[in-house]
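Chains as they are written, first to last, in the working numbering: chain A, 7 to 228; chain B, 7 to 228; chain C, 7 to 228; chain D, 7 to 228.
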């Protein structure tokens, strides 16, 4: 059974006392891995992915391959009465994930230090699943998502590799999900010394998302 | 003084009773103008823009050039304890805006049927301002935003025109804002009859955003 | 055996007498199919594809799926002492291809009204092969190219479909070719009434190209 | 008067004896500046720019800001009976330019080691002008091009900076040129260790081009 780091270990720092921080962090707000810096879900792609997750205030969210935790801490802000599970198999990475969650997150995030899909067995069924990268076993993870995702729930995968992108697309379709693929190809303005602006491209990312048919389990509103 | 359509006129329909709808609507969820269909802020650009607005649960939001209301109804979901003002000068468009807000929005949205910047005088100072298009008087609008935006607040403009994009960028800088420009260049997968997928590009949109320096007015947390 | 329309049938019109036309036609210079207008290899993609073909003045070129002939007439200008074979299976399209070749081409273009790969048996071995679209039998065509392409020769395929793009990439690799994939994602400026410019995207196209190892058959220079 | 390095100094090396090299060099074929490596006109943008130059076999070409010479050596292959002037002000760069021209070029290239627009006075009127970068005096250079470009001739500028791109566009229009702007936004496939392919973006480049109205000076064909 995976170690789950319970929220009581994650005390929000001063930044989170008083007025809640706004949604919309920049990439530099996160502590990132070295020398693998740059593997964070980029702000623009994070925005599209978060938006595609179909979050509600009380959503149960799985963030698989949580990495720096950039998706978890933002999802936790929108799903502020729900629960976010940040699943990360790379134990060298857990300290960084913990620090980002402590500094930028909320107490509705739990870190699961184990490998998906096995790590997911002990978690409650999700309303929204984010898959930050294939990690080699995307088919198995999507297979489990096919069993566990609630009706009306959504899964979003970020993929850089062409082959993985349409494999994920076709697997989501075979699961009966309403499936979409978007390539996000952003470029950021960089100001030169004379004040003019040129564009620096981010690498294209394929955001593949699926919605499980059906109505979400009823409740009494927010 | 502009007509403000108060929330009591905007009764949520059945869709909003029971479980709240999730964040993340598709473009087809909105009633759109004909024959100007296509002028809606596209889903991918809406995601980046919403994320850049720095929304909190209690934010005061101005959505200037609200159009179909696609940004207002989503901002209102994140800022569910705040207030969203959907400002639209095109009176032919107000009916459509009202219908989208009624069907997809929340009761924290107020429609302001008047032209910016004059329309903005009677509104409370904003935490977040979205400008959906230049409409010819972007400099005046940004000038007013420079006076009214709260410390720590953010303004986000969506621009298609090259010249307007860096004009907005430079004006935000002159206002002392921490300014960024991002070109969002997405393409959507389109499935062919044989099940394979090709990409259809959306037009590039420049998302120019600025943050007013300073700490947001303190409060007692969320 | 396919009908080959010999150059003697293709008399250059007045435009081609006197000073030769320059390289670099716009899409509107070509007569295009209706209602399938838009299926022409777009100018920007045509440029990248032509450049990737490794043309010399005396190249033998196969243009497979020649369509409007936009690649053939430009390749023929660069390979002005070589031969260009415009292969097109769609007989309804041949008239249009003929007219474009007559008006914009040179007398070193021959139209082959038949389906590849069978149509290619009677043609001389190529230095450069352009494949304008998969047409369903890309693997067979690439297989034949693997047998017939001269050492040092190049093959370039334009593909819109994700799955076909990396299939072509991997097949070229298996043929022992030095293989590259480029996604071309251009946007064209469109001038508005007030003289400002916004961008209209073309759809992304994957340009997959391979070079057969080895030195081209020696000759005594150009 | 600028030093013009005459072709007799530029003896083609062994590579150019025997069969002429094909059009379509890769970026790695050129010796590049260190540590400024990366400032070469990228292959995909070079392709679009060359194609937009409207080259004929006998064209007079100015390559302003020739840099590594990547455009000059390819233009010289298409305009093999014309003359190409590679104009470069940065004297530290001339050695590199000379070596690339010697190794990859033809004897119809002349290097002009001086700054534009002054450097252009002694050159014959051009059919095609390429401007590889603004270098601060783009308006002056375009002004001179307005006086010297032959009827039917074309000018192509590569620009990274937003402000410069539409300035160039509008200046070409004011010169009475038929003007176009294209943003080229390519991404290259990069093969991972497992053989799959992901995309790495190049930075967007604006290719702004203008055609001077009128027929080119008549001649008796090629």
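Ideal Cβ placement from N, Cα and C applies to all residues, glycine included. In this text, all values refer to a predicted model and were calculated from it rather than measured experimentally.
Within this structure, are the beta carbons of residue i and residue j separated by less than 8 Å?
i, j, result
"residue 94/C", "residue 119/C", "yes"
"residue 171/B", "residue 217/B", "no"
"residue 37/A", "residue 102/A", "yes"
"residue 70/B", "residue 137/B", "yes"
"residue 62/D", "residue 26/C", "yes"
"residue 77/C", "residue 133/C", "no"
"residue 157/B", "residue 221/B", "yes"
"residue 230/A", "residue 150/A", "Beyond the ends of chain A as shown, which are 7 and 228, falls residue 230/A; an answer cannot be given."
"residue 57/D", "residue 92/C", "no"
"residue 168/D", "residue 144/B", "no"
"residue 122/A", "residue 147/A", "yes"
"residue 59/B", "residue 110/B", "no"
"residue 223/C", "residue 182/C", "no"
Would you mind reading off the limits of the beta strand (DSSP E) that contains residue i?
i, result
"residue 213/C", "211 to 217"
"residue 84/A", "No beta strand (DSSP E) contains residue 84/A, which is instead part of the alpha helix (DSSP H) from 76 to 84."
"residue 89/C", "89 to 93"
"residue 70/A", "66 to 70"
In chain order, what residues of the same chain have a beta carbon less than 8 Å from the beta carbon of residue i, not counting five sequence neighbours either side?
i, result
"residue 48/C", "33, 192, 208 and 211"
"residue 114/C", "13, 82, 85, 86, 87, 88, 89 and 90"
"residue 203/C", "195, 196 and 197"
"residue 29/B", "80, 83 and 84"
For the alpha helix (DSSP H) containing residue i, name the first residue and the last one.
i, result
"residue 26/D", "From DSSP, residue 26/D is part of no alpha helix (DSSP H); its letter is neither H nor E."
"residue 53/C", "49 to 58"
Near residue i, what residues of its chain come up, given a Cβ to Cβ distance below 7 Å and the 5 sequence neighbours on each side ignored?
i, result
"residue 50/B", "190, 192 and 208"
"residue 179/D", "185"
"residue 139/C", "71 and 164"
"residue 227/A", "Bear in mind that the predicted position of residue 227/A carries a pLDDT of just 42, short of 50, making it too unreliable to give a figure here."
"residue 206/B", "193, 194 and 196"
"residue 174/A", "144, 148, 163, 165 and 214"
"residue 177/A", "145 and 148"
Report all residues from its chain with a CB closer than 6 Å to the CB of residue i; omit the five preceding and five following residues, and keep chain order.
i, result
"residue 18/A", "For residue 18/A, the pLDDT reaches just 40, beneath the cut-off of 50, and the residue's location in the model is therefore unreliable, although a value from the coordinates is still provided. Answer for residue 18/A: no residue qualifies."
"residue 22/A", "For residue 22/A, the predicted structure reports a pLDDT of 41, less than 50, and the residue's modelled location is therefore unreliable. The matter cannot be settled from this model."
"residue 40/A", "none"
"residue 105/A", "37"
"residue 112/B", "82"
"residue 135/C", "68, 151 and 161"
"residue 75/D", "92, 103, 106 and 107"
"residue 73/A", "138"
"residue 154/A", "131"
Starting from the beta carbon of residue i, find every residue of chain G whose beta carbon is closer than 7 Å, and list them in chain order.
i, result
"residue 191/B", "No chain G is present in this structure, whose protein chains are A, B, C and D."
Segments assigned alpha helix (DSSP H), at least 4 residues, entirely inside the stretch 97 to 157 of chain A: 100 to 110 and 144 to 154
Contact list for the stretch 202 to 224 of chain C against chain A, Cβ threshold 8 Å: 210
4-residue-minimum alpha helix (DSSP H) runs that sit fully inside the stretch 160 to 209 of chain C, ordered along the chain: 168 to 180
Residues from the stretch 135 to 150 of chain B in contact with chain C, defined by Cβ distance under 8 Å: none
Residues from the stretch 164 to 187 of chain D in contact with chain A, defined by Cβ distance under 9 Å: 165, 166, 167, 168, 169 and 170
Chain-ordered residues of the stretch 69 to 85 of chain D with a beta carbon less than 7 Å from chain C: 84
Near-chain C residues of the stretch 26 to 54 of chain D (beta-carbon distance less than 8 Å), N- to C-terminal order: 26, 27, 28, 29, 30, 49, 50, 52, 53 and 54
Interfacial residues, the stretch 98 to 125 of chain C to chain B, with Cβ spacing under 9 Å: none
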